[in-house]
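These notes concern the structure reproduced below.
There are 2 protein chains.
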Amino acid sequence: MLINTRPDPSPSAHDRTYRGLRTRIMHGEIEPGFSLTLRGIGKEFGVSMTPAREAVRRLVAEGALSLSSSGRVATPDLSNERIEELAALRSLIEVELASRALPRAHMALIDRLQAINGTISSMVENHDSVGYIRTNLEFHRTLYLRAQAPAMLAMAETVWLQLGPTMRKLYGKMRRNEAPHFHRHIIAALKAGDEPGLRLAVRSDVTQGLRMLTT
Amino acid sequence: MLINTRPDPSPSAHDRTYRGLRTRIMHGEIEPGFSLTLRGIGKEFGVSMTPAREAVRRLVAEGALSLSSSGRVATPDLSNERIEELAALRSLIEVELASRALPRAHMALIDRLQAINGTISSMVENHDSVGYIRTNLEFHRTLYLRAQAPAMLAMAETVWLQLGPTMRKLYGKMRRNEAPHFHRHIIAALKAGDEPGLRLAVRSDVTQGLRMLTT
DNA sequence: ATGAAGGCGATGTGATCACAAAATGCGGTT
DNA sequence: AACCGCATTTTGTGATCACATCGCCTTCAT
Numbered sequence: 001m002l003i004n005t006r007p008d009p010s011p012s013a014h015d016r017t018y019r020g021l022r023t024r025i026m027h028g029e030i031e032p033g034f035s036l037t038l039r040g041i042g043k044e045f046g047v048s049m050t051p052a053r054e055a056v057r058r059l060v061a062e063g064a065l066s067l068s069s070s071g072r073v074a075t076p077d078l079s080n081e082r083i084e085e086l087a088a089l090r091s092l093i094e095v096e097l098a099s100r101a102l103p104r105a106h107m108a109l110i111d112r113l114q115a116i117n118g119t120i121s122s123m124v125e126n127h128d129s130v131g132y133i134r135t136n137l138e139f140h141r142t143l144y145l146r147a148q149a150p151a152m153l154a155m156a157e158t159v160w161l162q163l164g165p166t167m168r169k170l171y172g173k174m175r176r177n178e179a180p181h182f183h184r185h186i187i188a189a190l191k192a193g194d195e196p197g198l199r200l201a202v203r204s205d206v207t208q209g210l211r212m213l214t215t
Numbered sequence: 001m002l003i004n005t006r007p008d009p010s011p012s013a014h015d016r017t018y019r020g021l022r023t024r025i026m027h028g029e030i031e032p033g034f035s036l037t038l039r040g041i042g043k044e045f046g047v048s049m050t051p052a053r054e055a056v057r058r059l060v061a062e063g064a065l066s067l068s069s070s071g072r073v074a075t076p077d078l079s080n081e082r083i084e085e086l087a088a089l090r091s092l093i094e095v096e097l098a099s100r101a102l103p104r105a106h107m108a109l110i111d112r113l114q115a116i117n118g119t120i121s122s123m124v125e126n127h128d129s130v131g132y133i134r135t136n137l138e139f140h141r142t143l144y145l146r147a148q149a150p151a152m153l154a155m156a157e158t159v160w161l162q163l164g165p166t167m168r169k170l171y172g173k174m175r176r177n178e179a180p181h182f183h184r185h186i187i188a189a190l191k192a193g194d195e196p197g198l199r200l201a202v203r204s205d206v207t208q209g210l211r212m213l214t215t
């Protein structure tokens, strides 16, 4: 063995661009309605227009970006009806994922979830909204990974992506010092092996935040 | 008024390519594992490699095509676990869509569903498997459109797309003359305004076909 | 006859270019 | 001072090209 200790030796340019944009959108670093240009994206990631276009097309296909009639690309400004739909989808899919993860949830997983929950609290104290969103998603993803259902998890992440820019607005108007309330219910239900309780806790956690956006 | 009676004056080249490939995949016209080339796609749709690449990237993002490590693109050959996941997703989302469509389902809609059901029967008689899949999806889409939930419908169509090539195999080994059995249950539940019955009928209809694939 | 090695063709990737359409800003008019 | 029209600039689209890589097939040696 000689060189190349990196796991992925050469991520293609369009993939780097895609991933970069994706995390920025999912973590709510871009406000809804913000408009992007292909040349700007290319310049930012040091690539030409071609990979930038491919990354944008991919994100448009996933609903993370919206394409105006003239081809202009921007982060979507969601209507209340669409937010309600996406919240319902989160609830449907994530409750199922949690339910499937429950029989496989050992103590080590619960410990990790509690540690992540602690990080979320510190994010709240530091008023770091992007960090809050990122760590909150990490909490959910850590749980759902145990479900061993990659297609469902991908679906859930697609919904997160669509809600990303809107999340920013949500946690902007959220009252501070509000720790992740229902996360404790989720952990308690996991410990007790209480499936109905887990379903209710996940549904509540997913629904609570989005509800204050549609009013 | 002079020219241009078409509703869409100039669908972009990549969009025509995308739509063409999409319907062929969703309707099961391509067998699982079939491999495609960008130049071949471009030649088929009369465009250059650039729009073909964009269409392919979009379809890969939706899970309709899979990308090998070397960048080769092919229709995915789904594992049994993935088929089970996608069937569960269909069940979750489509039951919700049907439930939301129920209060808006008037007699005209039920008549149209019955007409589509008749077309499905004729497709079965003619041994037209592609026509069967297409008309079957039309049945579901017609119902779900009444739910007025575009994000959910898009999600459901993404799942259909992923199952498209696999559907071909299913209806190949399905015994002929088997009319759409649970569709009658769906229509009956719609007429009666029976929500639990509707949920059960949709879940059964979605699950029955996929079950014989995973065995 | 069989297996390996080398070469040739096919294929994906990314950059660049020409072009059309849209947006922006400037200047003139009322 | 406000508004309309035109020109300039910006931006997306699609085609083409150069290049690296992968696969396949031929060919040669054992």
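Sequence lines, in order, name chains A and B.
Heads up, the final residue of the first sequence is numbered 215 in UniProt numbering, and it's a clean run with no missing numbers.
Heads up, the final residue of the second sequence is numbered 215 in UniProt numbering, and it's a clean run with no missing numbers.
The beta carbon of each residue, even a glycine, is placed where N, CA and C say it ideally should be.
* DSSP state of Ala52 of chain B, grouped into three classes? -> helix
* **Interface residues of the segment 36–56 of chain A facing chain B [CB-CB below 8 Å]** => Thr50, Arg53 and Glu54
* Going by alpha carbons, who is nearest to residue 218 of chain B out of A:Arg90, A:Val206, A:Arg211 and A:Arg168? -> An answer regarding residue 218 of chain B cannot be provided, because it is not within the stretch 1 to 215 covered by chain B.
* Closer than 7 Å, Cβ to any Cβ of chain B: which residues of the segment 152–174 of chain A, in chain order? -> Met152 and Met155
* Is His27 of chain B near Ile187 of chain B, with beta carbons less than 7 Å apart? -> Contact flag unset, no.
* In chain order, what residues of the same chain have a beta carbon less than 7 Å from the beta carbon of Met123 of chain A, not counting five sequence neighbours either side? -> Gly131, Tyr132 and Thr135
* Where Arg58 of chain B meets chain A, residues with beta-carbon distance less than 8 Å -> Arg57, Arg58, Val60 and Ala61
* So, does the CB of Glu94 of chain B fall closer than 7 Å to a CB anywhere in chain A? -> no
* **Same chain, Cβ closer than 7 Å to Arg146 of chain B, neighbours up to 5 away in sequence not counted** => Excluding positions up to five away in sequence, the list reads Ala101, Arg104, Ala105 and Leu109.
* Check whether the Cβ of Arg104 of chain B lies closer than 7 Å to any Cβ atom in chain A. => no
* So, is the C-beta of Leu86 of chain B closer than 7 Å to a C-beta in chain A? -> Contact with chain A is found for Leu86 of chain B, since one of that chain's Cβ atoms lies less than 7 Å from the residue's Cβ.
* To do: Return helix, strand or coil for Val73 of chain A, following the three-state DSSP convention.
  => strand
* Asked: Would the segment 60–75 of chain B and the segment 68–79 of chain A be scored as touching if the rule is three or more Cβ pairs under 8 Å?
  -> no
* Asked: The alpha helix (DSSP H) spanning Phe182 of chain A covers which residue range?
  -> His181 to Ala192
* To do: Could you tell me whether the Cβ of Arg19 of chain A comes closer than 7 Å to any Cβ of chain B?
  => no
* In angstroms, rounded to a whole number, what distance separates the CA positions of Asp111 of chain B and Tyr144 of chain B? -> 15 Å
* Asked: How many angstroms separate the CA atom of Gly197 of chain A from the CA atom of Ala88 of chain A?
  -> 18 Å
* Can you give me the Cβ contacts of Glu31 of chain A inside the same chain, cut-off strictly under 8 Å, excluding the 5 residues immediately before and after it? => Cβ contact annotation for Glu31 of chain A (same chain, cutoff 8 Å, sequence separation greater than five): Thr75, Pro165, Arg168 and Lys169, in chain order.
* Asked: Quick one: does Arg82 of chain B have its CB under 7 Å from some CB of chain A?
  -> yes
* Using a Cβ cut-off of 8 Å, pull out every chain B residue sitting near Leu89 of chain A, in sequence order please. => Neighbours of Leu89 of chain A on chain B, chain order: Ile93, Ala151, Met152 and Met155.
* Asked: Can a CB atom of chain A be found closer than 7 Å to the CB of His27 of chain B?
  -> no
* Asked: What residue range is occupied by the uninterrupted alpha helix (DSSP H) comprising Arg19 of chain B?
  -> Boundaries of the alpha helix (DSSP H) harbouring Arg19 of chain B: Ala13 to Met26, taken from the DSSP string.
* To do: Please report the residue range of the alpha helix (DSSP H) in which His140 of chain B lies.
  => Note, His140 of chain B: alpha helix (DSSP H), Ser129 to Leu145.
* Cβ-based burial, Pro11 of chain A [other Cβ within 10 Å; buried from 16] -> Exposed, because fewer than 16 other Cβ atoms sit within 10 Å of the Cβ of Pro11 of chain A.
* **Limits of the unbroken alpha helix (DSSP H) element including Asn117 of chain B** => Met107 to Glu125
* Could you tell me which of A:Ala98, A:Thr158, A:Glu138 and A:Ala55 sits nearest to Ala115 of chain A, measuring between CA atoms? => A:Glu138
* **Distance, Gly118 of chain A Cα to Arg22 of chain B Cα** => So the alpha carbons of these two residues sit roughly 45 Å apart.
* Asked: When DSSP labels each residue in this structure, what does Ser68 of chain B get in the three-state scheme?
  -> coil
* Considering only the beta carbon of each residue, do Arg58 of chain B and Glu54 of chain A sit closer than 7 Å? -> no
* Got a sec, what are the start and stop residues for the alpha helix (DSSP H) Gln208 of chain A sits in? -> Glu195 to Arg211
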